[in-house]
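Colleague: In my numbering, the protein residues as written are 104 to 371.
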């Protein structure tokens with residue numbers, strides 16, 4: 104077993120989704136303080152990442168300080184054996200010298216149920232136990248109803264969807280945009296330097312308002328809870344350590360926090 108002192112300044116980003124990988128990688132690449140950090144992603148061809156690509160990285164994750172894991176429902180079953188290996192290899196160091204940050208879609212059929220945020224405590228508890236997770240970020244652009252997921256399994260060989268969930272169509276004047284278009288827009292992929300930071304801040308404000316509206320249209324009593332979920336600290340639930348944050352708000356900051364936390368522990 105590799106000891107924590109040999110862990111390097113690496114972040115592994117583990118997902119079958121090249122669009123999400125690109126979004127996370129670009130956000131972290133330009134974040135101040137990440138200049139010496141190596142970002143490791145699966146596959147050599149970003150247009151077609153396979154389970155085997157991620158499996159080939161499983162043992163190498165013992166050199167990581169932070170693991171970022173995509174745990175959406177559509178691909179979680181496919182990746183469960185790989186996730187189990189990664190957890191087995193790293194378990195002694197979890198939340199001491201190696202931290203796992205999860206990005207996912209939240210409880211199944213969240214927007215189709217009447218329970219709202221009441222579905223989250225048990226969902227988060229299971230993630231904390233299964234992954235020894237340090238943080239969870241719910242990503243609205245990963246969300247699809249169970250009907251949509253089953254349609255893709257039956258008719259499209261379970262391919263990852265290119266367009267946003269039908270649930271979100273009404274929130275965009277342009278109709279049902281592609282996930283790639285939206286991710287590029289909200290991270291201001293077409294800008295550089297100070298202009299990029301300025302545009303990203305403006306567009307994040309737009310996305311924040313949209314996220315609030317998406318939730319409050321369905322669950323009008325959850326106003327304070329969604330405000331907390333969009334905050335730096337995230338939404339806490341009684342009796343549950345793992346909080347709910349929303350991607351991409353404060354995501355890079357949280358990743359950087361765990362990189363520094365590792366260094367602080369190493370000094371002692």
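Every residue gets a Cβ at the ideal spot worked out from N, C-alpha and C, and that includes glycine.
In the DSSP assignment, what residue or residues form a beta bridge with residue 266?
Modeller: Answer by DSSP bridge pairing, in chain order: 281.
Colleague: Just to confirm the assignment: which complete beta strand (DSSP E) runs, minimum length 3, are found wholly within the segment 287-369?
Modeller: The segment 287-369 contains these whole beta strand (DSSP E) runs: 338-340, 343-349.
Colleague: How would you call residue 151, buried or exposed, if buried means at least 16 neighbouring beta carbons within 10 angstroms?
Modeller: Counting Cβ neighbours within 10 Å, residue 151 comes out exposed, since fewer than 16 surround it.
Colleague: With distances taken from CA atoms, which of 112, 113, 303, 347 is nearest residue 237?
Modeller: Checking every option, the nearest Cα to that of residue 237 belongs to 347.
Colleague: Since residue 123 is in the alpha helix (DSSP H), which residue starts that stretch and which ends it?
Modeller: It spans 121-132 - the alpha helix (DSSP H) in which residue 123 sits, taken as one unbroken run.
Colleague: Measure the C-alpha to C-alpha separation of residue 241 and residue 109 and round it to an integer number of angstroms.
Modeller: The straight-line gap from Cα to Cα measures roughly 31 Å.
Colleague: Would you kindly work out how many angstroms separate the C-alpha atoms of residue 131 and residue 140, rounded to a whole number?
Modeller: If you take the alpha carbons of residue 131 and residue 140, they lie about 9 Å apart.
Colleague: From 219, 209, 351, 213, pick the residue whose C-alpha is nearest to that of residue 388; which is it?
Modeller: This structure gives no information on residue 388, because the portion of the chain shown stretches from 104 to 371.
Colleague: In three-state terms, what does DSSP make of residue 163?
Modeller: Here residue 163 sits in helix by DSSP.
Colleague: Rank 328, 134, 363 by C-alpha distance to the C-alpha of residue 341 and give the top, closest one.
Modeller: Nearest of 328, 134, 363 to residue 341, Cα basis: 328.
Colleague: Hey, residue 321 and residue 214: beta-carbon distance below 8 Å or not?
Modeller: Contact flag set, yes.
Colleague: Between the Cα of residue 352 and the Cα atoms of 177, 286, 263, 166, which residue gives the shortest distance?
Modeller: Comparing Cα positions, the closest option is 286.
Colleague: Taking the Cβ atom as the reference point for each residue, do residue 188 and residue 161 lie within a distance shorter than 8 Å?
Modeller: Contact flag set, yes.
Colleague: Give the straight-line distance between the Cα atoms of residue 249 and residue 265, rounded to the nearest whole angstrom.
Modeller: Approximately 16 Å, taken between the alpha carbons.
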